[in-house]
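In UniProt numbering, the protein residues as written are 1 to 261.
The block underneath contains the structure these notes are about, expressed in structure tokens.
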């Protein structure tokens, strides 16, 4: 029997076969297992080529971490969870091993590139803390800017006039924002301003907004940012490695009706 014709489940007398389920997953964009498996295969190949090893203790630690992430706090819970999915303990250990290898590969791939990557993209990591006041017309925004220049508190005007409900009742407070999240005009104003300055009007959709600068925070290569950059570099490397690899996905042929063999 063709495995694709296996009945996966039955709903009120209607059978759903494996082929139907997989096709739906592909159409809805919810079928990432193939892509994830390809990425894992390439990562493992790199680990083998570079003779990356895992000692027993760190393996056990990672297994326990994985169990906790899955909400499995006892051996009985773990066995039951695995059994319900047609898995065994060896599968859990294999998953933990793959995660460990990925962490080690990420470190090798990214460790010598983080500083250069940061310097190249440094401006992208500048931040500012701002408030906003959004109104329906440029004329109204300009009039409110005049009131700000005459000493009216930004937060009071925002509570009265701001059209954005998520910030209106906080006196227009928006929070942290990066250069890439603003228009060029807004970026130029915000990152050349000192704390306490207001500016605008700036178009935003069909409306206009005024901005108040609380603080400009220049980029710094913190430990937290190093972790984020390592993730970005690893993802870029892995995506490129997938593109360079010769990948033949037989599953698509099977979904199209080709016989398994």
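A virtual CB, placed ideally from N, CA and C, is assigned to each residue, including glycine.
Please read these numbers as outputs of a predicted model, since none were measured by experiment.
Starting from residue i, follow the alpha helix (DSSP H) in both directions and report where the run begins and ends.
i: residue 79; result: 75-84
i: residue 175; result: Per DSSP, residue 175 belongs to no alpha helix (DSSP H); it is in the beta strand (DSSP E), 173-178.
i: residue 65; result: 56-69
i: residue 146; result: 138-149
Helix, strand or coil for residue i? Go by DSSP, reduced to three states.
i: residue 26; result: helix
i: residue 132; result: strand
i: residue 113; result: coil
i: residue 124; result: helix
i: residue 198; result: strand
i: residue 249; result: coil
i: residue 52; result: coil
Once you ignore the five residues that flank residue i on each side, which residues in its own chain have a CB closer than 6 angstroms to its CB?
i: residue 18; result: 4, 6 and 8
i: residue 193; result: 213
i: residue 47; result: 101 and 105
Whole angstroms are fine: how far does the CA of residue j sit from the CA of residue i?
i: residue 144; j: residue 203; result: 15 angstroms
i: residue 43; j: residue 218; result: 35 angstroms
i: residue 142; j: residue 177; result: 23 angstroms
i: residue 159; j: residue 207; result: 17 angstroms
i: residue 238; j: residue 105; result: 10 angstroms
i: residue 120; j: residue 78; result: 46 angstroms
Below 8 angstroms CB to CB, which residues in the same chain sit around residue i once its five sequence neighbours on both sides are set aside?
i: residue 99; result: 62 and 66
Whose C-beta lies closer than 7 angstroms to the C-beta of residue i among residues of the same chain, with five residues either side of it excluded?
i: residue 173; result: 131 and 167
i: residue 197; result: 213
i: residue 186; result: 202 and 211
Where do the ends of the beta strand (DSSP E) carrying residue i lie?
i: residue 10; result: 7-11
i: residue 210; result: 207-217
i: residue 152; result: Unbroken run through residue 152: none, as it is neither H nor E.
Assuming residue i and residue j are in contact, meaning their beta carbons sit under 8 angstroms apart, how far apart are those beta carbons, in whole angstroms?
i: residue 114; j: residue 229; result: 5 angstroms
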